[in-house]
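254 is the number that full-length UniProt numbering gives to position 254 of the sequence shown; each next residue is one higher, with no gaps.
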Amino acid sequence: MIASAVLSFTDYDLIGAPEFVGLDNYAALAADPRVARAIENTLLYTVIHVPLACVLALGLALLLNQVTGRAAGVFRTVFYLPSMTPTVAVGVLFLFLLNGQAGLLNEVLGVFGIEGPQWTSDPDWMLPGIVIMSLWNLGASTIVLFAALRNVPRELTEAAMIDGAGSWQRFRHITLPMISAALFFVVIVDTIAALQMFDQVYTMYFGTSQAQQTTGDAALFYVVYLFQQGFQYLHMGYASALAWLLFAVIAVITFIQIKVGDRLVHYE
Numbered sequence: 001m002i003a004s005a006v007l008s009f010t011d012y013d014l015i016g017a018p019e020f021v022g023l024d025n026y027a028a029l030a031a032d033p034r035v036a037r038a039i040e041n042t043l044l045y046t047v048i049h050v051p052l053a054c055v056l057a058l059g060l061a062l063l064l065n066q067v068t069g070r071a072a073g074v075f076r077t078v079f080y081l082p083s084m085t086p087t088v089a090v091g092v093l094f095l096f097l098l099n100g101q102a103g104l105l106n107e108v109l110g111v112f113g114i115e116g117p118q119w120t121s122d123p124d125w126m127l128p129g130i131v132i133m134s135l136w137n138l139g140a141s142t143i144v145l146f147a148a149l150r151n152v153p154r155e156l157t158e159a160a161m162i163d164g165a166g167s168w169q170r171f172r173h174i175t176l177p178m179i180s181a182a183l184f185f186v187v188i189v190d191t192i193a194a195l196q197m198f199d200q201v202y203t204m205y206f207g208t209s210q211a212q213q214t215t216g217d218a219a220l221f222y223v224v225y226l227f228q229q230g231f232q233y234l235h236m237g238y239a240s241a242l243a244w245l246l247f248a249v250i251a252v253i254t255f256i257q258i259k260v261g262d263r264l265v266h267y268e
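This is how it looks when you write it as structure tokens:
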């Protein structure tokens with residue numbers, strides 16, 4: 001980190017010696033339209049992905065909490081298996097699943113009379129397609145929330161049932177507050193991961209020069225652009241400045257989340 005901080009004030013191409021340029025790299029960030037587009041795409045993806053991922057992971061955890069006996073371990077394993085899949089393989093897989101002509105998703109939509117969009121080539125549908133792909137891997141969040149659900153005191157739920165509380169009331173007033181710390185952790189971790197999205201997007205849209213020419217900047221995420229600057233164009237000083245801007249953005253967002261979480265999270 002110290003080395004990257006120093007390099008962010010230099011012009012460095014990995015071959016020659018770094019040349020000190022002061023704040024030029026940071027000034028270039030402010031004037032670079034592709035940086036603005038990459039930030040816009042990444043933030044929009046984060047705003048869509050994180051709530052969906054948390055809700056779906058909580059739903060899966062609630063389902064797992066209803067399973068008892070030997071089947072419980074089997075279902076926990078099945079739900080976690082996608083987390084073990086290499087991210088590059090997931091990117092290749094979803095290139096086929098989201099194919100506009102013969103993809104499985106559009107085939108399913110066609111059964112209901114819906115004409116599916118061109119997920120991987122239409123700029124307006126690339127980001128929704130990436131969000132769909134990202135929801136494949138909810139295993140870690142599901143297991144964290146499942147563990148939190150298992151620790152909710154049963155006597156509280158039973159007392160609420162005796163008092164006549166319905167399922168929704170028990171979930172809202174007992175379960176949700178008791179698992180709020182774990183849910184808060186999942187929100188922070190998922191937010192940081194979303195802001196650093198790289199592997200699948202690069203595999204799907206930037207793995208070849210031809211793919212990059214056809215997609216333009218519709219799928220340009222911040223870390224993808226950072227990678228391009230550092231390892232394709234050898235602008236390592238500029239890439240280091242990009243990295244520190246991302247670090248600052250993540251730090252600010254996490255700080256805000258912690259301040260908000262202090263008011264909403266219940267700690268025993």
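Heads up, the beta-carbon is just placed ideally off N, CA and C, and yes, glycines get one too.
For clarity, every value in this text was computed on a predicted model and none was experimentally measured.
Could you spell out the range, first to last residue, of the alpha helix (DSSP H) harbouring residue i?
i, result
"Trp125", "123 to 134"
"Tyr202", "199 to 205"
"Thr157", "154 to 162"
"Thr142", "139 to 150"
"Phe227", "222 to 227"
Using the three-state DSSP reduction, which class does residue i fall into: helix, strand or coil?
i, result
"Val265", "coil"
"Phe184", "helix"
"Gly166", "coil"
"Gln196", "coil"
"Met1", "coil"
"Tyr26", "helix"
"Ala251", "helix"
"Asp190", "helix"
"Gln210", "Note that Gln210 scores 49 on pLDDT, short of 50, meaning its location in the model is unreliable; the coordinates nonetheless yield the value given after this. Of the three classes helix, strand and coil, the one that applies to Gln210 here is helix, per DSSP."
"Tyr233", "coil"
"Ile179", "coil"
"Ile258", "helix"
"Ala218", "coil"
"Ile15", "coil"
On the DSSP bridge assignment, give the partners of residue i in chain order.
i, result
"Phe20", "Thr10"
Does the stretch 195 to 202 come within contact of the stretch 126 to 135, defined as at least 3 CB pairs closer than 8 Å?
yes
4-residue-minimum alpha helix (DSSP H) runs that sit fully inside the stretch 33 to 121, ordered along the chain
33 to 66, 70 to 80, 87 to 97, 104 to 111
Please confirm if the stretch 23 to 39 is in contact with the stretch 108 to 119, defined as three or more CB-CB distances below 8 Å between the two stretches.
no
Contact between the stretch 151 to 162 and the stretch 170 to 180: three or more CB pairs below 8 Å?
yes
Indicate whether the contact test is met: 3 or more Cβ pairs, each with one atom in the stretch 133 to 152 and one in the stretch 180 to 195, closer than 8 Å.
yes
For the stretch 248 to 259 against the stretch 11 to 19, are there 3 or more C-beta pairs whose distance is under 8 Å?
no
Is it a yes or a no for the stretch 221 to 241 touching the stretch 1 to 14, going by three-plus beta-carbon pairs under 8 Å?
yes
Using 8 Å as the threshold, is the stretch 222 to 230 in touch with the stretch 31 to 50, meaning 3 or more CB pairs across them?
yes
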